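I have placed the structure first, in the form of C-alpha coordinates, so that the comments after it can refer back to it.
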Amino acid sequence: MKRDDNAPEAATLRQQVAAMTQDDPNAHAVVTVYKSGQFGEHHAVVVAVESDVPFSEKDRAEALDEMNDGSANAPGIQVSHGEVKDADPGPLGGVMKCKVTFTKTESTDAAGNNLFTATSCAWLDGNTYVTVSESDGMTGLNIAKAADNARQFRAQAETRR
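Residue numbers (UniProt numbering): 1 to 161.
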(Lines of atoms letter the chains of each structure in order from A and count residues from 1; the text may use other names and numbers.)
(Lines give C-alpha, C1' and ligand atoms only; values in the text may rest on other atoms or scores of the structure.)
Protein backbone atom coordinates (compact mmCIF):
# COMPACT_ATOMS: atom_id res chain seq x y z
CA MET A 1 0.00 0.00 0.00
CA LYS A 2 1.17 3.50 -0.74
CA ARG A 3 1.11 6.19 1.92
CA ASP A 4 -0.77 9.35 0.92
CA ASP A 5 -0.33 12.15 3.47
CA ASN A 6 -2.30 14.52 1.22
CA ALA A 7 -5.40 12.35 0.79
CA PRO A 8 -8.51 14.55 0.98
CA GLU A 9 -10.30 12.06 3.21
CA ALA A 10 -7.73 12.73 5.94
CA ALA A 11 -8.06 16.54 5.91
CA THR A 12 -11.07 16.80 8.24
CA LEU A 13 -9.62 14.24 10.63
CA ARG A 14 -6.30 16.07 10.65
CA GLN A 15 -8.08 19.30 11.67
CA GLN A 16 -10.00 17.54 14.45
CA VAL A 17 -6.90 15.84 15.84
CA ALA A 18 -4.91 19.08 15.67
CA ALA A 19 -7.66 20.85 17.64
CA MET A 20 -7.61 18.10 20.28
CA THR A 21 -3.84 18.20 20.74
CA GLN A 22 -3.10 21.90 20.26
CA ASP A 23 -2.88 22.69 23.99
CA ASP A 24 -0.45 19.85 24.75
CA PRO A 25 3.14 20.66 23.76
CA ASN A 26 4.10 17.01 24.41
CA ALA A 27 1.57 15.57 21.94
CA HIS A 28 2.45 14.78 18.33
CA ALA A 29 -0.26 13.70 15.90
CA VAL A 30 -0.18 12.02 12.50
CA VAL A 31 -3.16 11.42 10.22
CA THR A 32 -2.54 9.64 6.95
CA VAL A 33 -4.07 7.25 4.44
CA TYR A 34 -2.64 4.14 2.80
CA LYS A 35 -4.17 3.08 -0.54
CA SER A 36 -4.00 0.25 -3.03
CA GLY A 37 -6.17 -1.14 -5.79
CA GLN A 38 -6.92 0.26 -9.21
CA PHE A 39 -9.09 3.08 -7.82
CA GLY A 40 -7.72 3.27 -4.28
CA GLU A 41 -10.63 1.12 -3.15
CA HIS A 42 -8.47 -0.63 -0.57
CA HIS A 43 -7.50 1.95 1.99
CA ALA A 44 -6.57 2.38 5.62
CA VAL A 45 -6.86 5.60 7.59
CA VAL A 46 -4.38 5.94 10.44
CA VAL A 47 -4.79 8.45 13.28
CA ALA A 48 -1.93 8.44 15.78
CA VAL A 49 -1.20 10.54 18.84
CA GLU A 50 2.12 10.07 20.60
CA SER A 51 3.22 11.92 23.72
CA ASP A 52 6.71 12.75 24.96
CA VAL A 53 5.45 11.98 28.48
CA PRO A 54 3.14 9.21 29.71
CA PHE A 55 -0.56 9.91 29.24
CA SER A 56 -2.35 11.17 32.33
CA GLU A 57 -5.08 9.02 33.84
CA LYS A 58 -7.61 11.52 32.44
CA ASP A 59 -6.13 11.18 28.93
CA ARG A 60 -6.15 7.37 29.22
CA ALA A 61 -9.77 7.38 30.40
CA GLU A 62 -10.82 9.63 27.50
CA ALA A 63 -9.00 7.41 24.99
CA LEU A 64 -10.63 4.27 26.42
CA ASP A 65 -14.05 5.96 26.22
CA GLU A 66 -13.33 6.79 22.57
CA MET A 67 -12.26 3.18 21.91
CA ASN A 68 -15.47 1.88 23.50
CA ASP A 69 -17.77 4.34 21.75
CA GLY A 70 -16.28 6.38 18.94
CA SER A 71 -19.62 7.33 17.43
CA ALA A 72 -19.28 10.77 15.94
CA ASN A 73 -21.12 13.41 14.08
CA ALA A 74 -19.50 16.16 12.07
CA PRO A 75 -20.96 18.41 9.41
CA GLY A 76 -22.14 16.06 6.66
CA ILE A 77 -20.90 12.89 8.40
CA GLN A 78 -22.45 10.47 10.88
CA VAL A 79 -20.41 7.56 12.30
CA SER A 80 -21.79 4.65 14.31
CA HIS A 81 -20.41 1.21 15.13
CA GLY A 82 -21.15 -2.38 16.00
CA GLU A 83 -20.04 -4.34 19.05
CA VAL A 84 -16.63 -3.42 20.47
CA LYS A 85 -14.35 -6.43 20.94
CA ASP A 86 -11.16 -6.73 22.98
CA ALA A 87 -8.16 -7.84 20.92
CA ASP A 88 -4.63 -8.97 21.68
CA PRO A 89 -2.41 -5.85 21.47
CA GLY A 90 0.67 -7.91 20.64
CA PRO A 91 4.12 -7.89 22.24
CA LEU A 92 4.19 -4.11 22.79
CA GLY A 93 1.34 -4.46 25.30
CA GLY A 94 -1.34 -1.99 26.24
CA VAL A 95 -4.99 -2.33 25.25
CA MET A 96 -6.47 -3.02 21.81
CA LYS A 97 -10.13 -2.89 20.85
CA CYS A 98 -11.78 -3.41 17.45
CA LYS A 99 -15.19 -2.76 15.92
CA VAL A 100 -17.03 -2.42 12.63
CA THR A 101 -17.90 1.20 11.82
CA PHE A 102 -20.62 2.63 9.62
CA THR A 103 -20.15 6.08 8.10
CA LYS A 104 -22.98 7.90 6.35
CA THR A 105 -22.23 11.05 4.40
CA GLU A 106 -24.53 13.72 2.97
CA SER A 107 -22.64 13.70 -0.32
CA THR A 108 -21.93 10.66 -2.46
CA ASP A 109 -18.72 9.34 -3.94
CA ALA A 110 -18.07 8.89 -7.67
CA ALA A 111 -20.03 5.62 -7.63
CA GLY A 112 -23.04 7.19 -5.89
CA ASN A 113 -22.37 5.67 -2.47
CA ASN A 114 -22.99 7.50 0.79
CA LEU A 115 -22.76 4.63 3.30
CA PHE A 116 -19.35 3.15 4.00
CA THR A 117 -18.29 0.32 6.30
CA ALA A 118 -14.88 -0.33 7.76
CA THR A 119 -13.17 -2.18 10.57
CA SER A 120 -11.39 -0.06 13.14
CA CYS A 121 -8.84 -1.22 15.66
CA ALA A 122 -7.25 1.08 18.22
CA TRP A 123 -4.46 0.51 20.69
CA LEU A 124 -3.47 2.49 23.72
CA ASP A 125 -0.31 2.18 25.77
CA GLY A 126 1.62 4.49 28.06
CA ASN A 127 2.19 7.26 25.54
CA THR A 128 0.66 6.17 22.20
CA TYR A 129 -2.94 6.06 20.98
CA VAL A 130 -3.50 4.87 17.41
CA THR A 131 -6.60 4.00 15.39
CA VAL A 132 -6.36 2.08 12.11
CA SER A 133 -9.58 1.98 10.07
CA GLU A 134 -9.57 -0.32 7.05
CA SER A 135 -12.02 -0.41 4.16
CA ASP A 136 -14.29 -3.44 4.03
CA GLY A 137 -12.46 -4.57 0.87
CA MET A 138 -9.31 -5.15 2.94
CA THR A 139 -10.81 -7.16 5.79
CA GLY A 140 -14.25 -8.27 4.67
CA LEU A 141 -15.35 -6.69 7.98
CA ASN A 142 -13.55 -9.51 9.80
CA ILE A 143 -12.52 -8.21 13.25
CA ALA A 144 -9.83 -10.88 13.74
CA LYS A 145 -8.21 -9.97 10.40
CA ALA A 146 -8.39 -6.26 11.23
CA ALA A 147 -6.73 -6.91 14.61
CA ASP A 148 -3.98 -8.91 12.92
CA ASN A 149 -3.42 -6.12 10.38
CA ALA A 150 -3.28 -3.54 13.19
CA ARG A 151 -0.70 -5.62 15.11
CA GLN A 152 1.41 -5.94 11.96
CA PHE A 153 1.19 -2.20 11.33
CA ARG A 154 2.07 -1.49 14.95
CA ALA A 155 5.09 -3.81 14.83
CA GLN A 156 6.46 -1.82 11.89
CA ALA A 157 5.50 1.67 13.07
CA GLU A 158 6.10 1.68 16.81
CA THR A 159 9.09 0.90 18.99
CA ARG A 160 9.25 0.63 22.74
CA ARG A 161 11.20 3.40 24.43
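Note that beta-carbon positions come from the ideal geometry of N, C-alpha and C, so glycine has one too. Since the structure is predicted, the reported quantities are computational estimates derived from the model, not experimental observations.
Counting C-beta neighbours from all protein chains within 10 Å, is the total for residue i 16 or more, i.e. buried, or is it exposed?
i, result
"D65", "exposed"
"residue 205", "No statement about residue 205 is possible, as the shown extent of the chain runs from 1 to 161 and does not include it."
"S56", "exposed"
"M20", "exposed"
"residue 182", "A query on residue 182 cannot be resolved here, the shown segment of the chain reaching from 1 to 161 and no further."
"R154", "buried"
"H43", "buried"
"N149", "buried"
"K58", "exposed"
"V45", "buried"
"M2", "The sequence given here has Lys at residue 2, not Met. With fewer than 16 other Cβ atoms within 10 Å, it is exposed."
"A144", "exposed"
"V132", "buried"
"A61", "exposed"
So residue i is in the alpha helix (DSSP H); what residue range does that whole segment cover?
i, result
"A61", "E57 to N68"
"T139", "D136 to T139"
"A144", "I143 to A157"
Under the assumption that residue i contacts residue j (Cβ atoms under 8 Å), give the Cβ distance between them as a whole number of angstroms.
i, j, result
"V79", "T101", "6 Å"
"A10", "T32", "6 Å"
"K99", "G76", "With a Cβ gap of about 22 Å, K99 and G76 do not count as contacting."
"A18", "V130", "No, A18 and V130 are not in contact; Cβ-Cβ is about 16 Å, not under 8 Å."
"E50", "N127", "6 Å"
Kindly indicate which three-state DSSP category residue i falls into: helix, strand or coil?
i, result
"L13", "helix"
"A27", "strand"
"M20", "helix"
Residue range of the beta strand (DSSP E) that residue i falls in?
i, result
"E50", "H42 to S51"
"T103", "V95 to T105"
"L115", "L115 to L124"
"D4", "K2 to D4"
"A87", "K85 to A87"
### Query
Quick one: any contact between the region 111-118 and the region 85-95, if contact means 3 or more CB pairs under 8 Å?
no
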